[in-house]
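Asker: To start, I am sharing the structure in question, which I have written as structure tokens.
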Amino acid sequence: MGTISNDPPATLIQDLKITTQNVSLIFPSRKTERKKSMFLSNIDKVLNFPVETVHFFPSHEDFPPHVAAEKLKTALSELLVPYDFLAGRLRSNPETGRLEIDCNSAGIGFAVASSDYALDDVGDLVYPNPAFGQLICKSVDSLEQDDQPLCIVQVTSFKCGGFAMGIVTNHVTFDGLSFKIFLDNLAAVTAGKPLAVTPCNDRLLLAARSPPCVTFPHHELDKFHDSNPPVIDATSEALDFKVFRLTSDDIASLKEKAKASAIGPHVSDARITGFNVVTALVWHCKALSWDNKESNLDRVSTLLYAVNIRPRLIPPLPMSYTGNAVLTAYARATCKEIDEAPFSRLVELVTEGAKRMTDEYARSAIDWGNIYQGFPNGEFLVSSWWKLGFDEVEYPWGWPKYSCPVVFQRKDIILFFPDIDDNNGVNVLVSLPSKEMSKFKTLFHKYLA
């Protein structure tokens, strides 16, 4: 149970030999009537960094890469009407100093490129190849730094007739759920259909209350301190990188393990989900792999993960809300408890994090961001791309062969990716110093035995 890709695949190509043919700007197909700027919520404004995803497509007789590229270009121009903020630029409000989007219709970037390889030459698409970053156009060189687009799309053709669509967006524009809806709309418009979902662009729906009212301690957040960097902070340590693959059978076994170890009536089947059991397993392995185990058992380990607050607010936020509507949930326990507790207890601690995220808790966290400058605070963050469904988007040329973010190695972020063959399986991407990785691997296999 549970397989590991210890090393890069033998066929892993580190240079995709990309040639860029053209980089241009795409503008809205017609004038929009939005006010000059878009408010960004306290959730949005701390996410001012790029998110890169790549979507691989096999060859299609009716849609060679150059045809697909032109269709995408036309569709994107149409989409920049309902998504007019995407064609804007980030700026600080001259009066308040607050980050916002200037909806100036300055356009998004669009690049056309080619690779000297066939798609099959690239090898295992699930393995996070750093070369996938070459499928992303990170900036438009003809523009100044403060005039860079919030979104750039690159279409890269392969020798076989397949292609990759690489997209970089600033995280202030979308969270994972709203980006999936954007892709659904892109596919629909590309096929000549109406929007699949009409986007809700009103970011004021997540504005802080006036006056702000923080009613919870928010252990998952911490104010910025130079001497105590937040969880999303890079490390210069040398890291080992491994992919832990869990099949749907592995996950079913973990669910049974949680049910079998349940103590009392408070653990219900409804809480024993795939995400919760995999997260509980990863938490066990990560917390106990900490170096110097003798002094580790009294240490408190804090796990962080994102929760969609759209259905949790009163009234619920529209599911079509385009901004970031996820907040950080947490689970905390001493390493002694994590080591000795039945698996069902770890699963329950994970699920309690989401249960804690009520309307009042979410509003309190948003208000916290109006008072303090801070960021999520914990030992590590689980970033799940597992069930976002990017590979379920059907374009005129079919579904992606695989869709994934471009990965960077971080010891404080563990990523969940979908599997290319097993729809209910998951790939767990872990980066740790060598000694800790060895412990993590041992604990992982021991727990699955």
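Numbering (my numbering), first residue to last: 483 to 931. Ideal Cβ placement from N, Cα and C applies to all residues, glycine included.
Could you check the C-alpha separation between V598 and K739 for me, to the nearest Å?
Answerer: First, the amino acid is wrong: residue 598 is Asp here, not Val. Approximately 48 Å, taken between the alpha carbons.
Asker: Where does Y854 fall in DSSP's three states?
Answerer: coil
Asker: Can the beta-carbon of F898 be found less than 7 Å from the beta-carbon of C886?
Answerer: no
Asker: Would you list the one or two residues that DSSP bridges to D584?
Answerer: S519, R571
Asker: Have a look at F539 and L795 and give me their C-alpha separation to the nearest angstrom.
Answerer: Each residue's alpha carbon lies about 37 Å from the other.
Asker: If the criterion is Cβ atoms closer than 7 Å, does the pair I500 and A595 meet it?
Answerer: Yes, the Cβ-Cβ distance between I500 and A595 is below 7 Å.
Asker: Consult DSSP for F545 and reduce its assignment to one of helix, strand or coil.
Answerer: coil
Asker: Would the beta-carbon of G589 fall within 7 Å of that of A557?
Answerer: No, Cβ-Cβ distance for G589 and A557 is not below 7 Å.
Asker: For N710, does the count of other Cβ atoms within 10 angstroms reach 16, so buried, or fall short, so exposed?
Answerer: Confidence at N710 is low in this model, with a pLDDT of 44, below 50, so the placement of that residue should be treated as unreliable; the coordinate-derived value is given next. N710 counts as exposed, since fewer than 16 other beta carbons sit within 10 angstroms of its beta carbon.
Asker: Might you give, ordered along the chain, the residues of its own chain that have their beta carbon closer than 7 Å to the beta carbon of T840, omitting 5 neighbours on each side?
Answerer: R794
Asker: Going by the CB atoms, is the gap between S913 and K893 shorter than 7 Å?
Answerer: yes
Asker: Which whole-angstrom value is the C-beta distance of D566 and T514, which I expect to be below 8 Å?
Answerer: 4 Å
Asker: Within a Cβ cutoff of 6 Å, which residues of the same chain sit near S916, ignoring the five residues on either side of it in sequence?
Answerer: D722
Asker: Tell me which residues share the same chain as L665 and place their Cβ nearer than 7 Å to its Cβ, disregarding the 5 neighbours each side in the sequence.
Answerer: F872, V875
Asker: Among the residues of its own chain, which have a CB less than 7 Å from the CB of D431, if the five just before and after it don't count?
Answerer: There is simply no residue 431 to check, as the chain begins at 483 and stops at 931 in what is shown.
Asker: Could you give the C-beta distance for V622 and L507, rounded to a whole number, given that I count them as a contact under 8 Å?
Answerer: 7 Å
Asker: Which residue's Cα is closest to the Cα of H548: G644, S519, R573, K620?
Answerer: Comparing Cα-Cα distances from H548 to each of G644, S519, R573, K620, the minimum goes to G644.
Asker: Label R580 either buried or exposed according to how many other C-beta atoms from any shown protein chain fall within 10 Å of its C-beta, with 16 as the threshold for buried.
Answerer: Residue environment for R580: exposed (fewer than 16 other C-beta atoms within 10 angstroms of its C-beta).
Asker: Per DSSP, N504 is paired with what?
Answerer: Its beta-bridge partners are V594.
Asker: With the cut-off set at 7 Å, would you say A762 and V832 are in Cβ contact?
Answerer: yes
Asker: In the DSSP assignment, find the beta strand (DSSP E) that holds D704 and state where it starts and stops.
Answerer: 703-705
Asker: How far does the alpha helix (DSSP H) with H452 in it extend, from its first residue to its last?
Answerer: This structure does not reach residue 452, given that the chain is present from 483 up to 931, and the question cannot be answered.
Asker: May I have the straight-line CA-CA distance separating A669 from L925, to the nearest angstrom?
Answerer: 43 Å
Asker: Ignore the nearest five residues each way along the sequence and tell me which others in L870's own chain have a CB closer than 6 Å to its CB.
Answerer: G658, K662
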